[in-house]
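Chemist: Going by the numbering used here, 239 is the number at position 224 of the sequence shown; the sequence numbering is gapless.
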Amino acid sequence: MTLATPPPSLVVRIEQAEETHVVRQVEAVQTLYPSCDVLIQHQSVAGGVAIRTVPRFEGKLSRIVGLGLQGSFTSQDLCNLESTYAAIGLYPEIHLCEYADPSAGQILTRARYFSKGRLSVYCRDLENSDEPVVARKGHPKRKNITVREVASDVDREHFVAVSIAGFADGGRSEELLGALARIAALRADTRLYIATTDAGEVVGTAALAVLGTHTAGESIGHLYLDSTVPLSRGMGAHVALIQARLRAARGMGLKLVTLSTREGSGSARNAEKTGFRVAYRKDVYVKG
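#1: Sorted by chain position, which residues of the same chain lie with C-beta nearer than 7 Å to residue 255's C-beta, five sequence neighbours on each side aside?
#2: Under a three-way DSSP split, which group does residue 200 fall into?
#3: Hey, how far is the Cα of residue 131 from the Cα of residue 278?
#4: Could you check the C-alpha separation between residue 175 and residue 215 for me, to the nearest Å?
#5: What are the start and end residues of each continuous beta strand (DSSP E) run of 3 or more residues lying completely inside the stretch 95 to 169, in chain order?
#6: Starting from residue 283, follow the alpha helix (DSSP H) in both directions and report where the run begins and ends.
#7: Extract the residue ranges of the beta strand (DSSP E) inside the stretch 235 to 286, only unbroken runs of 3 or more that lie entirely within it.
#8: Just to confirm, does residue 239 get its C-beta within under 7 Å of one of the non-hydrogen atoms of the ligand FAD?
#9: Looking at the structure shown, is residue 38 part of a helix, part of a strand, or coil, going by DSSP?
#10: Near residue 285, which residues of its chain fall below 7 Å by C-beta distance, leaving aside the five closest residues on each side in sequence?
#11: Out of 242, 80, 189, 100, which has the shortest C-alpha to C-alpha gap to residue 218?
#12: Here's a check: name, in chain order, each residue in its chain whose Cβ is nearer than 6 Å to the Cβ of residue 74, leaving out the five neighbours to either side.
#13: How many Å lie between residue 50 and residue 188 at the Cα?
#14: What's the C-alpha gap between residue 72 and residue 60?
#15: Span of the beta strand (DSSP E) holding residue 294?
#16: Using the rule of at least 16 other Cβ atoms within 10 Å of the residue's Cβ for burial, across every protein chain shown, is residue 154 buried or exposed?
#17: Quick one: any contact between the stretch 285 to 294 and the stretch 131 to 144, if contact means 3 or more CB pairs under 8 Å?
#18: Check whether the stretch 229 to 238 touches the stretch 181 to 197, counting contact only when three or more Cβ pairs, one atom from each stretch, lie closer than 8 Å.
#19: Closest to residue 248 by CA distance: which of 180, 303, 228 is it?
#20: Find the nearest neighbour of residue 223 within the set 186, 100, 261, judged by alpha-carbon distance.
#21: Around the Cβ of residue 43, are there at least 16 other Cβ atoms within 10 angstroms (buried) or fewer (exposed)?
#22: Can the beta-carbon of residue 84 be found closer than 8 Å to that of residue 33?
#23: Any idea what DSSP makes of residue 206, helix, strand or coil?
#24: Please report the residue range of the beta strand (DSSP E) in which residue 227 lies.
#25: Taking buried to mean at least 16 other C-beta atoms within 10 Å of its own C-beta, is residue 62 buried or exposed?
#26: Do you know whose CA, among 198, 177, 208, 185, lies nearest residue 166's CA?
#27: Among 171, 272, 136, which has the Cα closest to the Cα of residue 280?
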């Protein structure tokens, strides 16, 4: 029997930070929906963490990350996970890292799970890199964009409203989009940012979380919830939001910053413009 190759240290550290991220999402959901039977389940053998929240928030707030990075995954493990999600009428959605033990993908395929898409996980080393790359000028829609950190209740309301508006054309419910924005606003580990034009119009929002890993003393910055109002896309708001958070992360002494986005998306292109590189990819497995 050939032993699986251990995943690179960088991948393990980023996936551990992602586990911290989803756990804190669940903790905030419990505050927003106190009657919800939330669940955080750590996988002791194969590794990873399963979260389960409001049934109608399937996928985004009910998923499994980090699976198979500590060891092999079995059919019984999958049965146990399916039972956990069956309690709220769902099958698990599993974000499987390409460095996971091969047994995980094999078991999922045999059980008729399939990948509905791929995520690119990006990272940027702030310790051994220059200042954030400046976006190219000259786009016909590009405007002067100012980014500021949310510091007032008025800004927080703008953050929630614009976050919802920016994601509204993606097919998710307004309730879920509002919950995701309010979760970010509740989290003590997260800073919120809004992008405005010279006229004071709020055109984009984004968040920066500081996430711990199992590695003692290490914290990783994570960029998430990036949203730009559809009619304002192409102005440079998203790149400006990325650059502002990179500067903030550097000022906080963070050495590594990550983000995750759909493979080949506009967000992925903007990440690459600002100096991020792909660390690895993840398949999003769902039951067929």
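Ideal Cβ positions, reconstructed from N, Cα and C, are used throughout, including at glycine.
Modeler: On the basis of the data shown:
#1: Cβ neighbours of residue 255 beyond the five flanking positions: 160, 162, 210.
#2: In the structure shown, residue 200 adopts helical secondary structure according to DSSP, grouped into three states.
#3: Rounded to the nearest angstrom, the gap between the Cα atoms of residue 131 and residue 278 is 12 Å.
#4: Within the model, the alpha-carbon separation for residue 175 versus residue 215 is close to 17 Å.
#5: Segments of the beta strand (DSSP E) lying fully in the stretch 95 to 169: 109 to 112, 128 to 140, 160 to 164.
#6: 281 to 288 is the extent of the alpha helix (DSSP H) around residue 283.
#7: Listed in chain order, the complete beta strand (DSSP E) runs (minimum 3 residues) inside the stretch 235 to 286 are 271 to 277.
#8: Annotation note on the ligand FAD: not contained in the displayed structure, which lists no ligands.
#9: DSSP places residue 38 within a helical segment (H, G or I) once states are collapsed to three.
#10: Its chain contains 253, 254, 257 as the residues whose beta carbon lies nearer than 7 Å to that of residue 285, once the 5 sequence neighbours on both sides are disregarded; these appear in chain order.
#11: Relative to residue 218, the option among 242, 80, 189, 100 whose CA is nearest is 242.
#12: Apart from sequence neighbours up to five positions away, the residues of its chain that approach residue 74 with a beta-carbon distance below 6 Å are 108, ordered along the chain.
#13: Their backbone Cα atoms lie some 20 Å apart in a straight line.
#14: Each residue's Cα considered, the two are about 27 Å apart.
#15: Counting along the chain, the beta strand (DSSP E) containing residue 294 begins and ends at 292 to 302.
#16: Low confidence applies to residue 154: its pLDDT is 48, below 50, so where it sits in the model is not reliable enough to give any reading.
#17: Under the three-pair Cβ rule at 8 Å, the stretch 285 to 294 counts as touching the stretch 131 to 144.
#18: Contact fails: fewer than three Cβ-Cβ distances are below 8 Å.
#19: Checked all of 180, 303, 228; the closest Cα to residue 248 is 180.
#20: Per the Cα distances, 261.
#21: The residue is buried, with at least 16 neighbouring Cβ atoms inside 10 Å.
#22: No; because the gap between Cβ atoms is not below 8 Å, this pair is not in contact.
#23: Reduced to three states, the DSSP call for residue 206 is strand.
#24: 217 to 227 is the extent of the beta strand (DSSP E) around residue 227.
#25: Residue 62 is classed as buried because its beta carbon has at least 16 other beta carbons within 10 Å across all chains shown.
#26: Scanning 198, 177, 208, 185 for the CA closest to the CA of residue 166 turns up 208.
#27: If you compare the alpha carbons of 171, 272, 136 with that of residue 280, the shortest gap goes to 136.
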